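In what follows, a single structure is set out as structure tokens and then discussed.
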Amino acid sequence: MPYIAILAFFVVLPLILIGIYAFTNQQGQFTIQNFVQFFHRSEAVNTFIYSIAIAMITTIICIVLGYPAAYIMAMKSFRTPAVMAMLFILPMWINFLLRTLATVELCHMFNIPLGEGPLLFGMCYDFLPFMIYPIYNTLQKIDVSVLEAACDLGANRWEVFAKVVIPLSMPGVYSGIVMVFMPTVSTFAISELLTQNKITLFGSLIQRSFGEGGIAMWNYGAALSLIMLIIISLTSFFGNNDNEEINR
Amino acid sequence: MKRSIDKRDIWSRIFSQAYLYLLLFVLYAPILLIICFSFTRSKVLGNWTGFTFALYENLFCGYDFAANVQVDPNLYKALIYTAIIAVSTAIVATIIGTIAAVGIFNLRQRQRQAVMFLNSIPMINPDILTGISLFLLFVFLGINRGLGTVIVAHVIFCIPYVILSVMPRLKKMNPNIYEAALDLGATPAQAFHRVLVPELWPGVISGFILSITLSIDDFGVTFFTKGSGGLETLSTFIYADARKGGLTPELRPLFSLIFLTILVLLIITNIRSSKQLKK
Chain A
58 MPYIAILAFF VVLPLILIGI YAFTNQQGQF TIQNFVQFFH RSEAVNTFIY
108 SIAIAMITTI ICIVLGYPAA YIMAMKSFRT PAVMAMLFIL PMWINFLLRT
158 LATVELCHMF NIPLGEGPLL FGMCYDFLPF MIYPIYNTLQ KIDVSVLEAA
208 CDLGANRWEV FAKVVIPLSM PGVYSGIVMV FMPTVSTFAI SELLTQNKIT
258 LFGSLIQRSF GEGGIAMWNY GAALSLIMLI IISLTSFFGN NDNEEINR
Chain B
53 MKRSIDKRDI WSRIFSQAYL YLLLFVLYAP ILLIICFSFT RSKVLGNWTG
103 FTFALYENLF CGYDFAANVQ VDPNLYKALI YTAIIAVSTA IVATIIGTIA
153 AVGIFNLRQR QRQAVMFLNS IPMINPDILT GISLFLLFVF LGINRGLGTV
203 IVAHVIFCIP YVILSVMPRL KKMNPNIYEA ALDLGATPAQ AFHRVLVPEL
253 WPGVISGFIL SITLSIDDFG VTFFTKGSGG LETLSTFIYA DARKGGLTPE
303 LRPLFSLIFL TILVLLIITN IRSSKQLKK
């Protein structure tokens, strides 16, 4: 299987390299200095916490806005649900930088100063379709007879929704969370464009240590990347775990 | 759901439809705004200076006649590079991905799960981490970054998607057909391209299209693997352009055209798939 070799060389080895760079200094000696440096810089730690908070808020807003939309579409109150679903998915196919720029232009037009508000709006705007789509998919697969059974057994509308629809749609919500949280916690382009570099996110911190920092900052950047990698694996692990529990 | 017609139902229906349309309006407002302002020639948005196709002319001629300056030539270079990278990525990724899918399918359960887990890493990993890890790999190997490294990187993150779109076709296929071909005297190579490939073709095509869109859409991986030799794709060009401050006005008609193309493509594929369903 040559593909296993390709995977090992281009996927596993590079990730190991991040680890090696993170634990060495420029001369290639083992050190934990990179991590010490991170925890000693209060601004770096603050940026880290701030990024996670922003990503969480974005995810929550996307659930609150996206779930009802997916629910309404799945309940077929439209004659053409497929067209509706397509309209929501369509923006996903447009380059996210172009979409972000469109929001930047919108802010300019209404003289809204770029900053935290536009950042949240832009992130939700960019990633809302990624929340709606998986939720819509799972909602669509729910058997109507299950809902009817709940009604027949005496549940009112609200109970059907809270006790049947929501639990059954949880796998979709989890994959939506993963699909929104991961890119928002790691982005650097969106925040730079929407705040004009006023707000720095963790992704920008990593990008700068590789971009403008020069070779001297690579090891530090690798340490930051490793921290991000841990966050990402935790999130995807959390998502998988819960999926399995529901499938059981 | 039960559909009894009473007043509450009608109101909740009106309310829910209104909510969807409002959400759609917000989602599309920035896009529509850019399309509207692609027909006027002001430098910034919100400043309507009369209807004109001037920006479209500029975009196609590469020359701004009114201001007597050239449209940034880097924009066209970026477009050409984006096309080259997308097409070559899609071709290579589709070939490798299809062969790999067949290989993985023939593995035993345990091994298959292990490979599929490795396969999912590039899909789960955010582009910035994929980009940095490949960047470190190229540095480690002492390879100069440029067009080649960008294509390699794109191929790496596209292959898993090709595998995922070919896999369902493989699972649906009757394995006896392939063996029958072998029994009837076909060499494994002949059986592969005469029997397997036609069976898998729809999956292969959707993998190819997916690779093209992923490659065009990518920013993070390209950003870290393009090197500093002045290679730009559309994404990185827009990023650099926006960071400089003023956005090149010619990007507005370009954006509108891209949007229109995607809209038409999606409508065509939707019509085609619904026709296939009817059959």
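From first to last, the protein sequence lines stand for chains A and B.
When we follow my numbering, the leftmost residue of the first sequence carries the number 58, and every step to the right adds one.
When we follow my numbering, the leftmost residue of the second sequence carries the number 53, and every step to the right adds one.
Note that the Cβ used here is the ideal one computed from N, Cα and C, for glycine as well.
Computed from a predicted structure; not experimentally measured.
Contact check, residue i vs residue j, beta carbons under 7 Å
i, j, result
"V218 (chain B)", "G259 (chain B)", "yes"
"S263 (chain B)", "A142 (chain B)", "yes"
"A126 (chain A)", "L72 (chain B)", "yes"
"V68 (chain A)", "P174 (chain B)", "yes"
"C88 (chain B)", "A145 (chain B)", "no"
"P301 (chain B)", "L127 (chain B)", "no"
"S108 (chain A)", "I184 (chain B)", "no"
"M285 (chain A)", "V237 (chain A)", "no"
"D179 (chain B)", "V121 (chain B)", "no"
"L286 (chain B)", "T134 (chain B)", "yes"
"I156 (chain B)", "R164 (chain B)", "yes"
"M149 (chain A)", "P186 (chain A)", "yes"
"P82 (chain B)", "T160 (chain A)", "yes"
"A207 (chain A)", "V222 (chain A)", "no"
"A273 (chain A)", "N91 (chain A)", "no"
"L250 (chain A)", "A292 (chain B)", "no"
"L131 (chain B)", "P305 (chain B)", "no"
"Y124 (chain A)", "I199 (chain A)", "no"
"L186 (chain B)", "P71 (chain A)", "yes"
"T241 (chain A)", "G172 (chain A)", "no"
"G149 (chain B)", "V214 (chain B)", "yes"
Spatially closest choice to residue i from the options, by CA coordinates
i, options, result
"F184 (chain A)", "A:N91, A:T104, A:F294 and A:M113", "A:M113"
"R221 (chain B)", "B:L303, B:K296, B:A153 and B:G114", "B:A153"
"K129 (chain B)", "B:P178, B:F190, B:T182 and B:I290", "B:I290"
"T88 (chain A)", "A:Y277, A:M285, A:F295 and A:T104", "A:Y277"
"L266 (chain B)", "A:Y128, A:P71, A:S266 and A:N152", "A:N152"
"L291 (chain A)", "A:F259, A:A131, A:L262 and A:M239", "A:M239"
"I137 (chain B)", "B:L318, B:I268, B:W253 and B:N322", "B:I268"
"L122 (chain A)", "B:P82, B:V78, B:I66 and B:F275", "B:V78"
"Y231 (chain A)", "A:I61, A:T116, A:P170 and A:K220", "A:T116"
"S99 (chain A)", "A:D200, A:F259 and A:M274", "A:F259"
"L309 (chain B)", "A:L155, A:Y78 and A:F145", "A:L155"
"S243 (chain A)", "A:E173, A:I289 and A:A101", "A:I289"
"I176 (chain B)", "A:A65, A:S293, A:I169 and A:F66", "A:S293"
"K224 (chain B)", "B:L248, B:I151, B:A241 and B:Y115", "B:L248"
"L216 (chain B)", "B:G198, B:F169 and B:D116", "B:F169"
"V217 (chain A)", "A:M227, A:L204, A:P228 and A:G229", "A:L204"
"G268 (chain A)", "B:A243, B:A232, B:F276 and B:F192", "B:F276"
"F105 (chain A)", "A:D209, A:F245 and A:W275", "A:F245"
"P250 (chain B)", "B:D270, B:N226, B:F271 and B:I261", "B:N226"
"F295 (chain A)", "A:S261, A:Q86 and A:P228", "A:P228"
"I319 (chain B)", "A:V140, A:Q94, A:E162 and A:M166", "A:V140"
Whole-Å CB distance - residue i paired with residue j, under 8 Å assumed
i, j, result
"I118 (chain A)", "C164 (chain A)", "Not confirmed; about 17 Å, so no contact."
"L188 (chain B)", "I75 (chain A)", "6 Å"
"I311 (chain A)", "S68 (chain B)", "Any answer about residue 311 (chain A) is impossible in this case: the structure gives chain A only from 58 up to 305."
"P212 (chain B)", "N158 (chain B)", "The Cβ separation is near 18 Å, so there is no contact."
"G198 (chain B)", "L283 (chain B)", "6 Å"
"I157 (chain A)", "G179 (chain A)", "The sequence given here places Thr at residue 157 (chain A); Ile does not occur at that position. Their Cβ separation, rounded to whole angstroms, is 6 Å, which keeps T157 (chain A) and G179 (chain A) in contact under 8 Å."
"R246 (chain B)", "A233 (chain B)", "7 Å"
"I61 (chain A)", "V167 (chain B)", "6 Å"
heavy atom of the ligand FAD below 6 Å from residue i C-beta
i, result
"G174 (chain A)", "This structure lacks the ligand FAD, and indeed carries no ligand of any kind."
Per-residue contacts from residue i into chain E (C-beta, under 8 Å)
i, result
"Y277 (chain A)", "Here chain E cannot be found, since the structure's protein chains are A and B."
Check: In the stretch 196-266 of chain B, which residue ranges form an unbroken beta strand (DSSP E) of at least 3 residues, counting only runs that do not cross its ends?
Finding: none
Check: Mind listing which residues of the stretch 71-86 of chain B have their C-beta closer than 8 Å to chain A's C-betas, in chain order?
Finding: The residues in question are Y71, L72, L75, L76, V78, L79, Y80, A81, P82, I83, L85 and I86.
Check: Going along the stretch 150-166 of chain A in order, which residues come within less than 8 Å of chain B, judged by CB to CB distance?
Finding: W150, I151, N152, F153, L154, L155, R156, L158, A159, T160, V161, E162, L163, H165 and M166
Next item on the list: Can you give me, in chain order, the residues of the stretch 181-211 of chain A that have a beta carbon less than 8 Å from any beta carbon in chain B?
Entry: Y182, L185, P186, V201, L204, E205 and C208
Next item on the list: Using a Cβ-Cβ cut-off of less than 9 Å, list which residues of the stretch 171-182 of chain B approach chain A; keep chain order.
Entry: N171, S172, I173, P174, I176, N177, P178, D179, I180, L181 and T182
Next item on the list: May I have a chain-ordered list of the alpha helix (DSSP H) segments no shorter than 4 residues that lie completely inside the stretch 275-303 of chain B?
Entry: 286-295
Check: Closer than 8 Å, Cβ to any Cβ of chain A: which residues of the stretch 154-173 of chain B, in chain order?
Finding: G155, I156, L159, V167, L170, N171 and I173
Next item on the list: Check distances from the C-beta atoms of the stretch 74-89 of chain A to those of chain B and list, in chain order, the residues that come in under 7 Å.
Entry: L74, I75 and Y78
Next item on the list: Check each residue of the stretch 115-126 of chain A: if its Cβ is closer than 8 Å to any Cβ of chain B, include it; give the result in chain order.
Entry: L122, P125 and A126
Check: Going along the stretch 217-245 of chain B in order, which residues come within less than 7 Å of chain A, judged by CB to CB distance?
Finding: Those residues of the stretch 217-245 of chain B that come within reach of chain A (Cβ to Cβ, closer than 7 Å) do not exist; the list is empty.
Checklist line | Residues of the stretch 218-248 of chain A whose Cβ lies closer than 7 Å to any Cβ of chain B, in chain order | finding: M239, P240, S243, F245 and A246
Item checked: chain B contacts made by the stretch 256-268 of chain A, where a contact means CB separation under 9 Å -> Taking 9 Å as the Cβ-Cβ cut-off against chain B, the residues of the stretch 256-268 of chain A that qualify are G260, I263, Q264, F267 and G268.
Check: Given a limit of 7 Å on CB to CB distance, which residues of the stretch 91-107 of chain A reach chain B?
Finding: Flagged: no residues at all.
Notebook entry, point to check: Along the stretch 121-152 of chain B, what residues have a CB closer than 8 Å to any CB found in chain A?
Noted result: I148, I151 and A152
Note to self: Could you tell me which whole alpha helix (DSSP H) segments of length 4 or greater appear in the stretch 90-150 of chain B?
What the structure shows: 106-113
Notebook entry, point to check: Which of the residues in the stretch 282-298 of chain B, read from start to end, lie with their CB under 8 Å from any CB of chain A?
Noted result: L286, S287, I290, Y291, A294 and R295
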